[in-house]
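These notes are about the structure you will find just below.
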Amino acid sequence: MSPSNPKRPPGLLATTLVLLRKDLLIEWRTRARLNALVFFAMATLLLFSFALGPDTKLLERNAGGYLWLAILFASVLSLGESFRVETENACLDGVRLAPADARAIFLSKALGNALLLLALAVVLVPVMVALYGVRIVTGVGDLAGILVLGSLALSAPGTVYAAISSNARARDVLLPLLLFPLVIPALLSAAKGTTLVLQGDPMQQLGSWQGLLLGFNLIYWGVGFVLFPRVIED
Numbered sequence: 001m002s003p004s005n006p007k008r009p010p011g012l013l014a015t016t017l018v019l020l021r022k023d024l025l026i027e028w029r030t031r032a033r034l035n036a037l038v039f040f041a042m043a044t045l046l047l048f049s050f051a052l053g054p055d056t057k058l059l060e061r062n063a064g065g066y067l068w069l070a071i072l073f074a075s076v077l078s079l080g081e082s083f084r085v086e087t088e089n090a091c092l093d094g095v096r097l098a099p100a101d102a103r104a105i106f107l108s109k110a111l112g113n114a115l116l117l118l119a120l121a122v123v124l125v126p127v128m129v130a131l132y133g134v135r136i137v138t139g140v141g142d143l144a145g146i147l148v149l150g151s152l153a154l155s156a157p158g159t160v161y162a163a164i165s166s167n168a169r170a171r172d173v174l175l176p177l178l179l180f181p182l183v184i185p186a187l188l189s190a191a192k193g194t195t196l197v198l199q200g201d202p203m204q205q206l207g208s209w210q211g212l213l214l215g216f217n218l219i220y221w222g223v224g225f226v227l228f229p230r231v232i233e234d
C-alpha cells in the first residue's frame, strides 16, 4: 500500500481568493468602515463647496481634483483600518501559520482596499455632480476607467505602507506622511483624467493620463508583490 501524499497547501490564486472573501465578508457583516468612509468623503466634498463660496465656475473647473482629494483622505481611514483588524490578537500571525503566502496576503488586502475605494468613488460621483453642477461629457466608460485605475493606484502602495505603520505607535500619523508624497503622480493623473471626462477632451489627452495611471499601477503592484513578504516579516 503506497503512502498517501501529503496534502498540498493551496496555491497563490486560491489563497488570495479565500483571504479576499474573508475580508469582504467581515466588511459586509459590519459595514462600519464603508459607512464611515462615505460620510467622511461626503463631508469633505461639502467643505470644499463651502470654502469656495458661490463661485460655481471654480467648483466646476476643479471638481475632478476635489473628488480625488476626498477619496485620498478617506483612503487613509480605510487602509489603516484594514490592518488594524489583522494586528489585533495576532490575527496576521495566525494567517501566516495557516500557511498563507505573504504575497497572497498583499494581493487580497490590496484588492479589498481597491474595491472599497471604488465603491466609495461610485457613491461620490452623483454627490459631486449634484454639488458642483458638472456633467459627464465623454462618457461613463471613460469615467469608470479612471475610477478603477485610480482606486488601484491608491490601494497598492497604501497597503504596503499600512502594513509598515500598523505596529507603530503613531500609525495614524505615519501612514499619510508615507503615502501622500508617493501617490502624487497617481493623484494628479486621476484628477486630470476626471476633469477631462467632465469638461470634454478636444485634444485627446485622456489616453495619456490613463496610460500614466496604468504605468503607476504596474510599478507599485509589482513592487508590493515582491517586497511585501519582507515587510510583514520585519
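So for the sequence shown, UniProt numbering puts the first residue at 1; every next one is plus one.
The beta-carbon is built from N, C-alpha and C at its ideal position, and this holds for glycine as well.
On a predicted model such as this, the values are computed, not experimentally measured, just so you know.
Contacts around residue i, its chain only, beta-carbon distance under 6 angstroms, and the 5 residues preceding and following it disregarded
i	result
residue 220	156, 157
residue 116	78
residue 179	158, 161
Own chain, CB closer than 7 angstroms to residue i, minus 5 neighbours either side, in chain order
i	result
residue 74	37, 40, 41, 120
residue 56	133
residue 159	79, 106, 109, 110, 113, 224
residue 171	80, 165
residue 137	197, 198, 199, 200
residue 103	12, 225, 228, 229
residue 118	147, 148, 151
residue 191	64, 65, 68
residue 142	197, 206
Nearest to residue i (by Cα), restricted to the options the options
i	options	result
residue 15	178, 199, 202, 101	101
residue 148	45, 217, 230	217
residue 43	62, 28, 67, 171	67
residue 182	200, 192, 153	153
residue 127	231, 169, 189, 64	64
residue 161	168, 151, 175, 169	175
residue 186	24, 145, 150, 26	150
residue 33	205, 82, 104, 212	82
residue 124	23, 229, 194	194
residue 84	23, 135, 188, 210	23
residue 240	135, 30, 31, 122	The structure shown does not extend to residue 240, since the chain is modelled only from 1 through 234, so no value can be given for it.
residue 188	211, 163, 233, 26	211
Where residue i falls: helix, strand or coil (DSSP)
i	result
residue 166	coil
residue 193	helix
residue 233	helix
residue 135	coil
residue 31	coil
residue 210	helix
residue 64	helix
residue 183	coil
residue 55	coil
residue 11	coil
residue 200	coil
residue 101	coil
Proximity test, residue i beta-carbon vs the ligand SAH heavy atom, cut-off 7 angstroms
i	result
residue 232	Among the components modelled here there is no ligand, and therefore nothing to report on the ligand SAH.
Residues near residue i by beta carbon distance below 8 angstroms, same chain, minus five either side
i	result
residue 168	174
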